[in-house]
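When the letters of the sequence shown are read in order and numbered with the UniProt record's numbering, they come out as residues 1 to 129. Idealized CB from N, CA, C, for every residue including glycine.
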Amino acid sequence: MQTYRTNSPQAAARLVAMALVADGQYAMSELQALARLDAPRQLGLSAEAFQAVIQRFCQDLLQASGGVWTGVVDDATRAQLMAEVTDPALQDQIVQQCEALMLADGHLAGGEIALIDAFSARWRRPVRL
């Protein structure tokens, strides 16, 4: 898995990407929610750079799963990626973006619930869903 500098825009964007694929796929409504939030700019990235982080994350997931797409991130990897963001304000921003995109399709999948629970536990952030 690609490593990013702590608290970098790329590290933050990858966590949003993790939420995007937490249910195994991403829906147009989720992409529209990110656009409404202007998520790339809020994280300090261009739309193209944000998309590149999402694509790289998906490629890393595919490689880690032996070429079988599941969209699932194991607990150890999730913890490793979350450890790359230590700034509480950035953590709050990530959680807000993730909550918005998770709610965008009108359904909370098990993987999405597991991710938001992990954010809450590791970062000591309240869940607002």
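Would DSSP call residue 59 helix, strand or coil? Counted from its first residue, the sequence shown places residue 59 at position 59. In the structure shown, residue 59 sits in a helix (DSSP, three-state: H, G or I).
Would you identify the three-state DSSP class for residue 122, choosing helix, strand or coil? The sequence position of residue 122 within the sequence shown is 122, counting from 1. In the structure shown, residue 122 sits in a helix (DSSP, three-state: H, G or I).
Cβ contact (3+ pairs, closer than 8 Å) linking the region 50-68 and the region 114-124: no
Among 42, 17, 31, 2, which one has its Cα closest to the Cα of residue 90? Numbered from its first residue, the sequence shown carries residue 90 at position 90. Checked all of 42, 17, 31, 2; the closest Cα to residue 90 is 42.
Residues near residue 13 by beta carbon distance below 7 Å, same chain, minus five either side: Against the sequence shown, residue 13 aligns to sequence position 13. If we look at residue 13 and ignore the five residues flanking it on each side, its Cβ neighbours are 43, 45, 50, 53.
Give the DSSP-derived three-state secondary structure of residue 48 in the structure shown. As a first step, residue 48 must be located in the sequence shown, where it is residue number 48. Of the three classes helix, strand and coil, the one that applies to residue 48 here is helix, per DSSP.
Which residue comes first and which comes last in the alpha helix (DSSP H) that contains residue 17? For the purposes of this step, residue 17 is identified with residue 17 of the sequence shown, where counting begins at 1. From DSSP, the alpha helix (DSSP H) with residue 17 extends over 9-20.
Is it a yes or a no for the region 69-88 touching the region 28-38, going by three-plus beta-carbon pairs under 8 Å? no
Starting from the Cα of residue 118, find the closest Cα among 101, 6, 108, 95 and give me that residue. Within the sequence shown, the letter at position 118 stands for residue 118. Taking only the C-alpha atoms, the option nearest residue 118 is 95.
Looking at the unbroken alpha helix (DSSP H) that takes in residue 1, where does it start and where does it end? Start at 1 with the first residue of the sequence shown, and residue 1 comes out as number 1. Here residue 1 belongs to no alpha helix (DSSP H), and DSSP marks it neither H nor E.
Go through its chain and collect everything with a Cβ distance to residue 80's Cβ below 8 Å, but skip five positions before and after it. As a working mapping, residue 80 is identified with position 80 in the sequence shown. Only 1 meet the Cβ criterion.
Do you know how far the Cα of residue 23 is from the Cα of residue 65? Here residue 65 is taken as the residue at index 65 of the sequence shown, counted from 1. Here residue 23 is taken as the residue at index 23 of the sequence shown, counted from 1. About 16 Å.
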